[in-house]
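Trainee:
Number of protein chains: 2
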Amino acid sequence: MEDHFLIREHLAGPDQAAVSETLFTIGNGYVGVRGLLEEDDAHPTLDSTRVHGLFNFIEGGVSPDLAPAPHWLGLTIEFDGYRFGADTSQGRVLGAERILNVRDATLTRRVLWQTAGGSVIRLTFERFASAVDQHVLVLRLSVMALHGEPQMHISGGIDTRVSLASGFQHWEPWETGSPAPDAVWVRSRTLQSGYELAMAAALVTDLDAAPALLADGAHPQVAYSAQLAQGQTITITKLVGLSTSREGGNPLADALAALERARQAGYDALYYAHRAHWERVWEDSDVVLEGDPFLQRALRFCLYHILIAAPPHDNQVSIGAKTLSGAGYRAHVFWDTELFMVQPLTLTQPHLARNLLMYRYHRLPGARAKAKANGFEGAMFPWESADTGEEVTPQWTPPDPVTGKRIRIWTGELEQHLTSDIAYAIMQYWHWTGDDAFMRDYGAEIVLDGARFWASRVEWNAAENRYEINHVIGPDEYHEDVNNNVFTNTMARWHLDTARQVWDWLSDRHPEQAAALGRTLSIDTAALDRWQTIIDRIYIPFDDERQIHIQFDGFFDLEPVDVLEYQPRIVSLPGILGHEESAHLRVIKQADVVMLMALLGEQVADQSVQRNNWETYYPLADHGSSLSPAMHAWVAARLGRLDLAGELFEHAAEIDLRDNKGNSRDGIHGASCGGLWQALVFGFAGLHLTPDGPMLDPHLPPGWERVQFAVYYQGERHTFKIEGGDVSIERG
Amino acid sequence: MEDHFLIREHLAGPDQAAVSETLFTIGNGYVGVRGLLEEDDAHPTLDSTRVHGLFNFIEGGVSPDLAPAPHWLGLTIEFDGYRFGADTSQGRVLGAERILNVRDATLTRRVLWQTAGGSVIRLTFERFASAVDQHVLVLRLSVMALHGEPQMHISGGIDTRVSLASGFQHWEPWETGSPAPDAVWVRSRTLQSGYELAMAAALVTDLDAAPALLADGAHPQVAYSAQLAQGQTITITKLVGLSTSREGGNPLADALAALERARQAGYDALYYAHRAHWERVWEDSDVVLEGDPFLQRALRFCLYHILIAAPPHDNQVSIGAKTLSGAGYRAHVFWDTELFMVQPLTLTQPHLARNLLMYRYHRLPGARAKAKANGFEGAMFPWESADTGEEVTPQWTPPDPVTGKRIRIWTGELEQHLTSDIAYAIMQYWHWTGDDAFMRDYGAEIVLDGARFWASRVEWNAAENRYEINHVIGPDEYHEDVNNNVFTNTMARWHLDTARQVWDWLSDRHPEQAAALGRTLSIDTAALDRWQTIIDRIYIPFDDERQIHIQFDGFFDLEPVDVLEYQPRIVSLPGILGHEESAHLRVIKQADVVMLMALLGEQVADQSVQRNNWETYYPLADHGSSLSPAMHAWVAARLGRLDLAGELFEHAAEIDLRDNKGNSRDGIHGASCGGLWQALVFGFAGLHLTPDGPMLDPHLPPGWERVQFAVYYQGERHTFKIEGGDVSIERG
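Residue numbers (numbering that gives the first Met the number 0), protein chains in the order written: chain F, 0 to 731; chain Z, 0 to 731.
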């Protein structure tokens, strides 16, 4: 933990405005809205609003991207002709603050502004994406003239001039219209994928003024003018309805209907319903960590960002690596979802976890196609997944801005552990929820068809009399095309073993479903015997002398490098020494053997070997991925290395809040967020399932006064409290 | 207290580098050294190093300034000809951090840097101002080549090209020389005041390389060249001796002798002695606040900045409003010292408090001259004080950069409460320490001669049959030239009353000293009777109907303004609405009636009136001075307004650490630092003296798990612990 005698200064990325845009994202699991400033119509992209599932592939692009929705936040505000904003010739900012309240998922911005003419105005902006009516977005501006009585002119509408940083255009030319004197609408469809989106916005006010429509093709707006009286507060509310063809209806009609619902309800009713929803969410999802306000805040911040990205009413979409808060990784879905973000949802909001797992179920055809194309059987899930379920990992990085050099990306071909990771998330979901219907109808099929993939994927090494898995990438992506990655091999063995148990359960409890699946997936006694043979004879690289796992064949022949000496830094080791050069070095991108210990614990090795593994691999970790620190914290806590665990936990907590990877502008590191929760709950608190239900085995760092959280186990709520060495469980 | 569901963004000043320079100041009570970067020879002023007492007045300036000492931190470092620094054509910063460790008063900076040629080097800089040998400054650079074997060239010396931001030159042309092949020296004297300063620096290294002298008149340096081996750590240590004519010897000889002592000891011995000293300091001065790491850190940060500014061996200097950490307020001494910074020292490091009070004793002639010049008797201390004890408050502000407008400063003439404030600090010191010798020989004289000033200052209002004090400025400096400021009048009454008690004590216990003082200060029965008459009949403005104090005559005739609505902001209300305009508004710069309640508590009014005062004056406070939030927190805590008290305390804690006044670049807000400690100890913990010794009456905000601190009472250490509703006192 941080020494409270130390005052630190960290090197952060230069682009603080873009980082704040990410941190201050609001959302409701259908749409995410980055924290752009209302007046910033000179923003480079206006890429504020991202709706789940609207993937589009552009000729000349490398991979499908999430098409940005129109920018609905804009307001142009003038007082006596002075335009509110950062331009110091127009006025000066006397003070400003933004507060993201994760308790009710609202972003509030307050600015005290003085026009160049001397008037002083307080502007308060509040925004939220309704958690109750997912098609409704709300922005309210309250203006109070504290000094002077300026003439106010305000306009706002929907700006369609959005783009991604890549500059590619994703939309057909926008159609626009006006359904009412104070409202406008826009609609278009994505060029390649043909998703239609419509958005309608009304600008309503308590001003005694008539709206004027400003017909600008690309940016239709509504405007008002009025003189302010000193001390008077007026409000202008922007109500937005949006809908897409993914919901099955007529997007424009649906968007207009949503706008009409919002208008009927009004701001207050919309807000109170929204807040009541979030109160219920936090009743289940909140985690209390007393004794460290920064960590407390970071935990809630992280849970919030997962919660606003998780689709409540859609099981055809999943959460991308950067949630809906940024353009990073093109909103593609990685193992980040199943091994990092799903877990907190499984235990606290299981209906959301189920939707995310169903996304994978619906994409079994894509996974089967990938297996077939690679010469395998069963379901081989794509490393990066978008809407179709195909492999969408790009094959090359974009050219380096300085050198022009591109790097070949091999993960789409070689990083194969994802299929087991999905099975792991399913088994966790099943064990914690007891949702047998899900398992019977969907989960079993994913697990079993994944097992078929592994059974076809392993290679028999006759000389060594063992099964191997060669030519893979493990979680440590610095080393590509390695043989017998211990994470991959162990998870494959676990997967096959698990599949056998699932098969036995299904055959016993749901014989008809077992029979049907047995037919479609060709699961028979021969297949099951082969699985068992592989389980018994798959190679798990282990050094008997040193009593440690070997990350992959030849790992210890790599050139040693003293990774821990390369401090402080925000640049990865390959970023310093070169991508190819680093492949020859004994440096690990992220938790690999350590990740395996987090997931499987005693199933991997006893405590003594686990300690040896830790001492071997921890010093080699580059934390070149944001996924790494939380997993290390989890394992360090289990092994009783509490000081180090606390430090790693703080590292994970800082990733976005202090931009300590230098790339938070691209979006929230969703996996690290989910990892933080897991490190706390599974690591420090030691939550685990026993025949008597969930139990704790806590190891808290000094200074953590109280930890409290709730989880659902088979539909029953269990509230755990750790305080002063005592643990209490309250059921129900 | 901060809601842990909120993520905030604050508007901070743009100049983060200059703020960090202030925060990362090191010092030893003789010299303060701002956190300039070692390689930044393009820094606008090179104003890093400030030695107590070296005031100098420049023709064309408005007031004496502390002349900046030469810049001794500079190091020019090249690897294969690439120059270390921020220039991206030379290389790139892979990571950087600075850590100020207030436990041992060292600043450590670590940078991982890659040359444009590809070599990777870790640079670690450590610096401290020896707490054991105040004439010694130390900077050590450790260099490790992690990748590559570059040729290193390094040079460093003493840069005399320093200036203040004003651009005025304070020094005669510098003489330079070299006492050894690896060392240089410089010396000069201030142009007007004639203080001589000498500094000598040696650059020593474990490199196998010979030093070369670089004779640059203004910046004499020593240089080394050597090839680094990969993985090898080499160190270069800059040892500096400095001395001034204020210490009475030959500055150059003394600086060279200090350098020689440092050289003989070497870095390790210097550091361990320094650290041991600071361990003892913290044994007495540390405050533990468990449950809020930010506040914990802020408290230690604040104590540190007072401790490194308090002179341990010199009772002819005092601490300026910005300590030795910046050029703000020209290092002048205000009431900030006696009412804010002295208190924590009085209770934890009384020898330092005594030095600061002795500074005022030595300046009695200046105070008497000011009284005389204004037609009064006794000692009237100058509002701003430098070396001579004369009034050095400038009469005009510098011209506004935009409007060119200057504002007349009246505090030098009209803000007169300082004389009582000094008496208050003396009485606190005496009561807590029991240092009768100080009181007999020095303290009594200050208190009694101050009382003479007040007795001559008050005006008889025959119509009202009362004494008044008209034409003053109270702590609320927004209202100049007011009559009967309740703070000033009440403190004057308290001062006269206190002086009578001091006189009785002195007459009783030390009749010879009483007789001598009675003669020189003309204290006789008539004088004492007059004091009593004033005490009995001085006007204390009070509204009987509302049961509140009236800040000054006519305060409630001022135009009301809703101060609390002007949020958020970092600009003062006069900065927004104009200086003259604000004089007509009912807005208070800082705690005034509230400050009085902090100092005198029940002596001012009972709890009921105190509450009324709070409800009246708190909403009017602009906190336009950094002195305000901590005083408000103190009083709010005493009145049981714990939420507000916590908020105000956090506001005070953030002043420098989050630059929430936007001017931390000018130096640490020393008064707020001392106020923070007082708010905790006197406010939240409720420390007070009783006939049985010091006792607590704690009111802690929720979430503060434990508060612990020690104070000395009459030479005996008392350790207080507040935890879970229990209070314990340990003596000895």
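Every residue, glycine too, gets a C-beta built ideally from N, C-alpha and C.
Do Tyr428(F) and Thr345(F) have their C-beta atoms closer together than 7 Å?
Mentor: yes
Trainee: How about the stretch 330 to 340 of chain Z and the stretch 678 to 686 of chain Z: do they share at least three Cβ pairs that are nearer than 8 Å?
Mentor: no
Trainee: Should Gln589(Z) be labelled buried (16 or more other beta-carbon atoms within 10 Å of its own) or exposed?
Mentor: By the neighbour-count definition (other C-beta atoms within 10 Å, threshold 16), Gln589(Z) is a buried residue.
Trainee: Against chain Z, with Cβ distances strictly below 7 Å, would Ala11(F) count as a contact?
Mentor: Reliability of the predicted coordinates at Ala11(F) is poor, the pLDDT of 48 falling under 50, and no value is obtained from them.
Trainee: So what's Ala95(Z) in DSSP terms, helix, strand or just coil?
Mentor: strand
Trainee: With 7 Å as the threshold, decide whether the Cβ of Phe300(F) is near any Cβ in chain Z.
Mentor: yes
Trainee: Using a Cβ-Cβ distance cut-off of 7 Å, determine whether Gln606(Z) contacts chain F.
Mentor: no
Trainee: Using a Cβ-Cβ distance under 7 Å, would Asp283(Z) count as near chain F?
Mentor: Chain F, which has no Cβ nearer than 7 Å to the Cβ of Asp283(Z), makes this no.
Trainee: Quick check: is the beta carbon of Asp291(F) nearer than 7 Å to any beta carbon in chain Z?
Mentor: yes
Trainee: Please list, in chain order, all residues of the same chain as Thr718(F) whose beta carbon is under 6 Å from its beta carbon, the five residues on each side excluded.
Mentor: Ala709 and Glu729
Trainee: Rounded C-beta distance between Leu258(F) and Ser284(F)? I'm assuming under 8 Å.
Mentor: Their Cβ separation, rounded to whole angstroms, is 30 Å, which puts Leu258(F) and Ser284(F) out of contact at 8 Å.
Trainee: Can you tell me whether Asp295(Z) is buried or exposed? The criterion is at least 16 other CB atoms within 10 Å of its CB, across all chains shown.
Mentor: Before going further, note that residue 295(Z) is Gln rather than Asp in the sequence given. Buried, because 16 or more other Cβ atoms sit within 10 Å of the Cβ of Gln295(Z).
Trainee: For a contact defined as C-beta to C-beta under 7 Å, what are the partners of Pro567(Z) on chain F?
Mentor: Gly94, Ala95, Glu96, Arg109 and Leu111
Trainee: Per the DSSP calculation, Ala781(Z) is bridged to which residue(s)?
Mentor: No statement about residue 781(Z) is possible, as the shown extent of chain Z runs from 0 to 731 and does not include it.
Trainee: With DSSP as the reference, label Ile534(Z) as helix, strand or coil.
Mentor: helix
Trainee: Please list the partners that His146(F) has in chain Z, where partner means a Cβ-to-Cβ separation under 7 Å.
Mentor: Going along chain Z in sequence order, the residues near His146(F) (Cβ under 7 Å) are Leu576.
Trainee: How should Gly73(Z) be labelled, buried or exposed, when 16 other C-beta atoms within 10 angstroms of its C-beta is the threshold for buried?
Mentor: buried
Trainee: Using a threshold of 7 Å, state whether the C-beta atoms of His631(F) and Leu647(F) are closer than that.
Mentor: The Cβ atoms of His631(F) and Leu647(F) sit closer than 7 Å to each other.
Trainee: According to DSSP, which residues form a beta bridge with Ala222(Z)?
Mentor: Ser154(Z) and Ala211(Z)
Trainee: Using the DSSP secondary-structure output, state which residues sit across from Ala199(F) in a beta bridge.
Mentor: Trp184(F) and Gly240(F)
Trainee: Beta-carbon separation of Ala385(F) and Pro67(F) under 7 Å?
Mentor: no
Trainee: Note the first and the last residue of the continuous alpha helix (DSSP H) segment covering Glu412(F).
Mentor: Thr410 to Leu413
Trainee: Please confirm whether Val89(Z) and Ala130(Z) have their CB atoms less than 7 Å apart.
Mentor: Here residue 89(Z) turns out to be Gln, not Val, going by the sequence shown. In terms of Cβ geometry, Gln89(Z) and Ala130(Z) do not form a close pair [threshold 7 Å].
Trainee: Of all the CB atoms in chain F, is at least one closer than 7 Å to the CB of Val733(Z)?
Mentor: Nothing in the structure corresponds to residue 733(Z), since chain Z is present only between 0 and 731.
Trainee: Report the partner residues of Asn460(Z) according to the DSSP bridge assignment.
Mentor: In the DSSP assignment, the residues bridged to Asn460(Z) are Arg465(Z).
Trainee: Compare the beta carbon distance of Gly240(F) and His134(F) with 7 Å and say whether it is the shorter of the two.
Mentor: Going by C-beta atoms, Gly240(F) is nearer than 7 Å to His134(F).
Trainee: Drop a sphere of 10 angstroms on the beta-carbon of Asp434(F), count the other beta-carbons inside from all chains shown, and report buried for 16 or more, exposed for fewer.
Mentor: A buried status is given to Asp434(F), since no fewer than 16 other beta-carbon atoms sit within 10 Å of its beta-carbon.
Trainee: Measure how close the beta-carbons of Ser742(F) and Leu212(F) come, nearest whole angstrom, since I'm counting them as under 8 Å.
Mentor: With chain F running from 0 to 731 in the structure shown, residue 742(F) is simply not present.
Trainee: How big is the Cα-Cα spacing for Ala11(Z) and Ala297(Z)?
Mentor: Residue placement at Ala11(Z) cannot be trusted, given a pLDDT of 48 that sits under 50; what the coordinates show is reported in the next sentence. Distance between the alpha carbons of Ala11(Z) and Ala297(Z) is about 18 Å.
Trainee: Under 8 Å Cβ-Cβ, which residues of chain Z neighbour Glu77(F)?
Mentor: In chain order: nothing, as chain Z lies at least about 20 Å away.
Trainee: If Met357(Z) sits next to Tyr266(Z), beta carbons under 8 Å apart, how far is it from one beta carbon to the other, in whole angstroms?
Mentor: Incorrect: roughly 34 Å between the Cβ atoms, too far for contact.
Trainee: Under 7 Å, Cβ to Cβ, is there at least one residue of chain F near Ile6(Z)?
Mentor: yes
Trainee: For Asn27(Z), does the three-state DSSP call read helix, strand or coil?
Mentor: coil
Trainee: Give the range of the alpha helix (DSSP H) segment to which Gly673(Z) is assigned.
Mentor: Gly669 to Gln677
Trainee: Considering only the alpha carbon of each residue, which of Asp448(F), Leu45(F), Ile539(F) and Leu595(F) lies closest to Ile468(F)?
Mentor: Cα-wise, what sits closest to Ile468(F) is Ile539(F).
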